[in-house]
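Numbering (mature numbering (1 follows the signal peptide of the UniProt record, and there is no 0)), first residue to last: -18 to -1, 1 to 150.
We treat Cβ as the ideally placed atom computed from N, Cα and C, and that holds for glycine.
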Amino acid sequence: MDFKSTVIFAILASGALGNTSHLCDDIAHLDCQTYVQGDTDEEVCDNRNVLYNNFCEYSKAKCADDSISVASLGQCYGNRPVEIYTTKEPSITTPSPTAPSVTTPTPAPTLDPLLSIFCQNKDTISCAADIDPVCASNGRLYINKCDFTLALCDDTSLTLQDTHNCHH
């Protein structure tokens, strides 16, 4: 995983955005068939042992079912059949019995790649004009979480703060 993706995952793990469901409206308009993947492997295995080829496919599934979470980045592990999710028809495969049984996956962060998809497409996203102010650690008040998230894409150190901490 490249540095930018690692930082984005760390931000989500720390809860900088809290609930990321507000990103789903913008992600819903993405076409995963034409999605340009980053320079790293974006396979994601979810908590139901479903394998997604990239963050776009995982994000769409996560938006449709909030109970989905990341189990591991990369291949699914274990003896259960793996469902491979695509935006076309899903297929079922069974893990190879020749895989070493001592292989232990690196624990995945307890987050999802919604922010990564959002940031990769930030130049095409137009935030709604809904007024629901949020305060950021830079002392700036953003009109809503979408505007804050756009700023977060450029400054990954931002966190949400109490609105009393912002300049009005």
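By the Cβ test, the stretch 17 to 27 is not in contact with the stretch 135 to 142, since fewer than three Cβ pairs between them sit closer than 8 Å. HIS11 counts as exposed, since fewer than 16 other beta carbons sit within 10 angstroms of its beta carbon.
Distance from the CA atom of GLN102 to the CA atom of CYS14, rounded to whole angstroms, is 13 Å. The beta carbon of ARG30 lies closer than 6 Å to none in the same chain, with the five residues before and after it left out. CA-to-CA, the gap between LYS104 and CYS135 works out to about 8 Å.
In this structure, the straight-line span from the alpha carbon of VAL52 to that of ASN36 is close to 12 Å. Considering only CYS45, VAL116, ALA111 and ASP28, the residue with the shortest C-alpha distance to ILE99 is CYS45.
For ALA43, the enclosing alpha helix (DSSP H) stretches over residues 37 to 46.
Listed in chain order, the non-local C-beta contacts of CYS128 below 7 Å within the same chain comprise HIS4, CYS109 and ALA110, local neighbours out to five positions each way being set aside.
In terms of Cα proximity to HIS146, the closest of ASP8, SER119, ASP7 and LEU33 is SER119. Take the alpha-carbon of SER49 and the one of ASP137: they are about 29 Å apart. In this structure, ASN126 sits near ILE113, with a CB-CB distance shorter than 8 Å.
Counting every other CB atom within 10 Å of its CB across the protein chains shown gives THR131 a total of 16 or more, marking it as buried. Closest option to ILE9, judged by alpha-carbon separation, among ARG122, PRO115 and PRO95: PRO95.
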